[in-house]
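Asks: So that we are looking at the same thing, I have put the structure below in structure tokens.
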Amino acid sequence: MWMKILQRLFLLCVMMLIVSVAAFLAPVASGGDPARAILMAHTGDPNLDPAAVEALKVELGLDRPMVEQYFVWLGNAVQGDFGRSFASKQPVMGEIARALSVSVTLRCRALAIAIAAALPLGT
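Okay, structure coming up:
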């Protein structure tokens, strides 16, 4: 039994590693330069200063090797630090908490309606 539990825990760790690598590589696989896209979204100007693009790459850590970027990202994610939103400049965890509270409220109301409808129907 202990071997089965250890095997499942090992498979869980492997699966979490695979999912985290996929989540990290998804934006990379979309192509393009993230620093250029962020600056273009904020300025609306397609003719960006190369020095500004390079400065943003350094600020975001995009100038480091991909493996180092992954382990920094993973370490921050494990600690609950998901960085700042590019759109609102607020911490992402705050944005998630705000959206989660609305989702939980909606879920509870839907459950209450389902129970209220199911009880009279006898199901």
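Okay, so the sequence shown: first residue is 21 according to my numbering, each after it adds one.
Beta carbons are placed, not taken as given, at the ideal position from N, Cα and C, and that holds for glycine.
Bear in mind that the values here come from a model prediction, so they are computed numbers and not experimental data.
(1) According to DSSP, is Pro85 helix, strand or coil?
(2) Output the distance between the C-alpha atoms of Ala42 and Ala134, rounded to the nearest integer angstrom.
(3) Looking only at DSSP bridge pairs, what is Arg104 linked to?
(4) Assess, as a yes-or-no matter, whether the segment 70-89 is touched by the segment 44-62 under the definition of 3 or more beta carbon pairs within less than 8 Å.
(5) What's the gap between the Cα of Glu115 and the Cα of Tyr90?
(6) Going by DSSP, what residue range makes up the alpha helix (DSSP H) through Met21?
(7) For Leu76, count the other beta carbons within 10 Å of its own beta carbon; 16 or more makes it buried, fewer makes it exposed. Which is it?
(8) State the DSSP-derived secondary structure class of Asn67, mapped to helix, strand or coil.
Replies: The relevant details are as follows:
(1) coil
(2) 36 Å
(3) Pro111
(4) yes
(5) Their Cα atoms are separated by approximately 22 Å.
(6) Premise fails: Met21 is in no alpha helix (DSSP H) and is neither H nor E.
(7) buried
(8) coil
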